[in-house]
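K.L.:
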Amino acid sequence: MEEAYGYKANVKPIFTMSSSMPSAESVTCEDSDVESLNESSLAEEGKRKKKASDSDQTNNQGKKVKKSNEVLMFLETMNEEFKEEQRGLLSEIKEQHKAKMDKEDQKIQLMSQIIEHMNK
């Protein structure tokens with residue numbers, strides 16, 4: 001962490017103040033010290049970013065292709081599983097519909113028998 005963030009002023013401040021009343025010497029800092037620190041921090045950051053981007057660029061292309069293939073395979077698998085699940089649900093709905101229609105037919109037959117019996 002220190003290698004990545006240690007040079008930043010908000011992580012490692014140039015100077016600190018205590019809660020007691022500070023003396024002017026303990027709080028002040030010369031501008032040349034701040035400028036040199038800023039310049040060295042910027043130089044380090046530039047070197048680190050260039051090194052990281054060079055190595056990342058070559059590695060990332062291979063990783064991106066591999067990740068893309070893995071994602072595609074995962075999506076295809078999920079799609080097939082989804083389709084199979086939908087087929088199962090559709091077949092279950094068809095069976096329920098057929099059972100309901102059979103019951104309705106039985107009701108109609110029973111009603112017609114009752115009507116015939118009443119007319120006699």
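Under UniProt numbering, the residues of the sequence shown are numbered 1 to 120, in order.
Beta carbons: idealized from backbone N, C-alpha and C, even for Gly.
Being a predicted model, the structure only gives us computed values, none of them experimental.
#1: Go ahead and pull the three-state DSSP assignment for Lys107.
#2: Helix, strand or coil for Lys100 per DSSP?
#3: With a CB to CB cut of under 7 Å and the five nearest residues on each side skipped, what residues in its chain are close to Lys83?
P.N.:
Walking through what the data contain:
#1: Position 107 of the sequence shown, counting from 1, holds the residue named residue 107. Of the three classes helix, strand and coil, the one that applies to Lys107 here is helix, per DSSP.
#2: Working through the sequence shown from its first residue, we reach residue 100 at position 100. In this structure, Lys100 counts as helix in the three-state DSSP scheme.
#3: Within the sequence shown, residue 83 is the residue found at index 83, counting from 1. If we look at Lys83 and ignore the five residues flanking it on each side, it has no Cβ neighbours.
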